[in-house]
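Read the structure below first, then the notes.
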Ligand code: SF4
Ligand code: SF4
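Residue numbers (the working numbering), protein chains in the order written: chain R, 9 to 348; chain U, 470 to 1034.
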């Protein structure tokens, strides 16, 4: 039986997800330009695995397959996995991670809309704990051509340690720690001087900063389309920049600049695409600010003091845990009960 | 002329579809063969029937008398013969019936004798009674008896009288046309209301998509020479015509749920109501007709002046319903109710007959799970978190739903309108509210039963005690009698015994009365305490919702159906 309202805005989950995917395209284009087409292979692998995993689980759970497969939410998860993982991880790692994300983190918790954790980030954390070496090998921009990337993805033997390094974030942290050591030859150098190598660009990692710019553009488009609100990207960037800036101001020789933090690693992806995942994020305006600010500070702390190459994934999961509490305590006053 | 306007949170902008039905003036409708006039058309008590089958009635004759503290009279819309006073299908989704007077028009349309009143000299209290007996109720859709709202607050005066000409629902244009065509008379009604309420200023809010209406009302104000009355064009955004939203936009005041707006120095009436008040006060004509928009799946959408009780299909025929018509909706597409039949009568709440077809109002796409995107919260004009209420309504955790202010929901439909998962959120909220009402009702009836039980115990106790006292008195009397007999042996027992009993009797009687009164008072208080919240101002529709729920509960003693069934 159908009751009022009898008219609806033409909106659907599929449309929302489609726009998120479109917004990722500029960043992906920059990725391909600087790092080669290997990422496209990873995106395809992850998408296929996500759809297969989703279809199997929907069949088991007796849910309408066409309806849920076409909502594109699995593809969004898949793309976020491909874009946050190193582009040369072996195919089975991408597939396993995606299946874990879809089957365990999403479907076993009840499917679309029910998962308390961001599936892509949960998969990232699981994989980095399980395969720390494979998850830490990042080629520098222009370092590998497509065929060697393919070989690394599908080939059995990997001798990548020689040709790939850590992320610029990771490398800079290592260098900064070395600089703090009086016995090191880097001793006394500042971050800006340490960033003088070929791996670095103007703001962050070479190439990586352009990819970040691509994600920023896509994110701004999502803002303009009102798919996301300013609260999460705004609070995340501000908190990350502020906490980085604070320590950088106090000890510039020991810490990277806030701009470097914003332009590197998963910061932009996190700000506009990961933390903004509505299902696992906070929902009230004030809650979103808290949620994202917490993630920003945590990201910086993990980056600066932790042992992992990036902090966005762990920060996201930690803040996902806090969402029920945040939402419960940040309900806005309702009509007629505001104090003005 | 420029006023500072305020914003309300949320709101949506559906397609307005208003141009189609405003091309032609308000038309008259030929007399139907039969009028079905429900007695209960307004918020408040059921009016009692004043006529019986076979009676001859005149146009404007009262056929239902106001009953109870909040109730409004009902009148014959034309002259004719009462054929029946019986339950008939009411214009509500539930398909329930309600006691109605069925009149066969005699074709003469002859007015009976009308009560007249000089509203300039009559004290407000008498005017209120007059309007109650004239059956004037809010015509914006809420059908709240107007007399009950025409009381200034505690201070005896009002700051702002808000007149609602916003008409924010798509398709509906009856207020628009009324303002265009009858602005002068409407204004006279407003002046009378202002007088009764001792209102400092009057603000007539009209959405800015009705420039002709704004101009007409402004011209009428200028012509009347009245000061302190202003027609204000407000931004077009649904639900700007909700009373609370309009008050907010015009004055910045937010009247919380469950509070009287007069406590905040504001009162709000619909423009159509103002016109009916004028008709009643100026000519003594009760509310027997109203302007109704016929729109949607018809060849010529238009507004009609329709007698209350006219079968809807009789009106729609004039506009030419298209062949694929599958339903009528009373009201607009956002808040309207789907009707159970085509021939249900036009009632005082009928601002629009929206003719629907599967093409015009296609069923929503399949429902998906909530993705917590927050669109619904962004759109909610009551600043609620619909998806949280949805979550708790779905799991029948009604307490939690209430914690998230379920009863502040005005059922405007904005949340359902925007939800990308196509969840019928409002349906869940209606369901939860009626379930809560039903439970409160069960609770209060069981409380009443407990009260009765306790009172019975108390009475039995008391009777026992009285018996014991009587026995004691008797024994004492007997003893004294024996003693007296022993003493004198001549005195009559009948004369002696009352003497001993008498001093005790009145006091025993007093305590008994006091005890009973106390018990009754206690029972009354308990009942007042457990009285369901939010039931004091039920509209006929809400009442029908509740009745439907009751019927359903009675029908299936098993688990109540979930809304997604
Ligand atoms: S709009 Fe729909 S999907 Fe989005 S939060 Fe509200 S109920 Fe959930
Ligand atoms: S129907 Fe209720 S919950 Fe939904 S938008 Fe309107 S007031 Fe808010």
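Idealized CB from N, CA, C, for every residue including glycine.
Output yes or no for whether 8 Å exceeds the beta carbon distance between residue i and residue j.
i	j	result
residue 880(U)	residue 804(U)	yes
residue 646(U)	residue 495(U)	yes
residue 355(R)	residue 275(R)	Outside the displayed range of chain R (9 to 348) lies residue 355(R), so it cannot be described from this structure.
residue 639(U)	residue 677(U)	no
residue 303(R)	residue 283(R)	yes
residue 506(U)	residue 569(U)	yes
residue 519(U)	residue 533(U)	yes
residue 142(R)	residue 98(R)	yes
residue 700(U)	residue 659(U)	no
residue 243(R)	residue 290(R)	no
residue 119(R)	residue 838(U)	yes
residue 642(U)	residue 491(U)	yes
residue 668(U)	residue 608(U)	no
residue 180(R)	residue 264(R)	yes
residue 738(U)	residue 17(R)	no
Nearest by alpha-carbon distance to residue i: which of the options is it?
i	options	result
residue 267(R)	11(R), 284(R), 247(R) and 285(R)	247(R)
residue 588(U)	851(U), 750(U) and 944(U)	750(U)
residue 679(U)	648(U), 784(U) and 882(U)	648(U)
residue 565(U)	667(U), 503(U) and 808(U)	808(U)
residue 277(R)	307(R), 263(R), 265(R) and 54(R)	307(R)
residue 50(R)	79(R), 259(R), 90(R) and 236(R)	90(R)
residue 671(U)	725(U), 636(U) and 735(U)	735(U)
residue 552(U)	579(U), 504(U) and 559(U)	504(U)
residue 497(U)	812(U), 792(U), 763(U) and 806(U)	763(U)
Does the beta-carbon of residue i, which I'm using as the reference point, lie nearer than 7 Å to any heavy atom of ligand 2?
i	result
residue 843(U)	no
residue 878(U)	yes
residue 900(U)	no
residue 884(U)	yes
residue 894(U)	yes
residue 850(U)	yes
residue 881(U)	yes
Hey, is residue i close to ligand 1, as in C-beta under 7 Å from one of its heavy atoms?
i	result
residue 890(U)	yes
residue 839(U)	yes
residue 244(R)	no
residue 733(U)	no
residue 855(U)	yes
residue 859(U)	yes
residue 660(U)	no
residue 481(U)	no
residue 111(R)	no
Which two residues bound the contiguous beta strand (DSSP E) that contains residue i?
i	result
residue 135(R)	Where residue 135(R) is concerned, there is no enclosing beta strand (DSSP E), although the alpha helix (DSSP H) it sits in stretches over 127-138.
residue 799(U)	796-799
residue 574(U)	566-574
residue 551(U)	549-558
residue 739(U)	735-739
residue 507(U)	504-507
residue 821(U)	821-825
residue 758(U)	758-765
residue 670(U)	668-676
residue 773(U)	771-776
residue 701(U)	698-703
residue 274(R)	From DSSP, residue 274(R) is part of no beta strand (DSSP E); its letter is neither H nor E.
residue 532(U)	531-534
Which first and last residues belong to the alpha helix (DSSP H) in which residue i is found?
i	result
residue 21(R)	21-43
residue 632(U)	No alpha helix (DSSP H) holds residue 632(U); the beta strand (DSSP E) holding it covers 627-633.
residue 808(U)	Residue 808(U) -> no alpha helix (DSSP H), and no H or E assigned at all.
residue 302(R)	293-313
residue 613(U)	It is not in any alpha helix (DSSP H) - residue 613(U) carries neither H nor E in the DSSP assignment.
residue 884(U)	883-887
Cβ of residue i within 7 Å of any heavy atom in ligand 4?
i	result
residue 40(R)	By its list of ligands, the structure shown excludes ligand 4, since it contains just ligand 1 and ligand 2.
Inset, instruction - Quick one: which residues of the region 75-97 of chain R get their C-beta closer than 9 Å to a C-beta of chain U? List them in chain order. - result: 75, 76, 79 and 81
Inset, instruction - Return the residues of the region 144-166 of chain R that lie within a Cβ-Cβ distance of less than 7 Å from chain U, sorted by chain order. - result: none
Inset, instruction - Return the residues of the region 109-137 of chain R that lie within a Cβ-Cβ distance of less than 9 Å from chain U, sorted by chain order. - result: 118, 119, 120, 121 and 122
Inset, instruction - Return the residues of the region 18-33 of chain R that lie within a Cβ-Cβ distance of less than 8 Å from chain U, sorted by chain order. - result: 19, 20, 21, 23 and 24
Legend entry - Residues of the region 43-57 of chain R whose Cβ lies closer than 9 Å to any Cβ of chain U, in chain order: none
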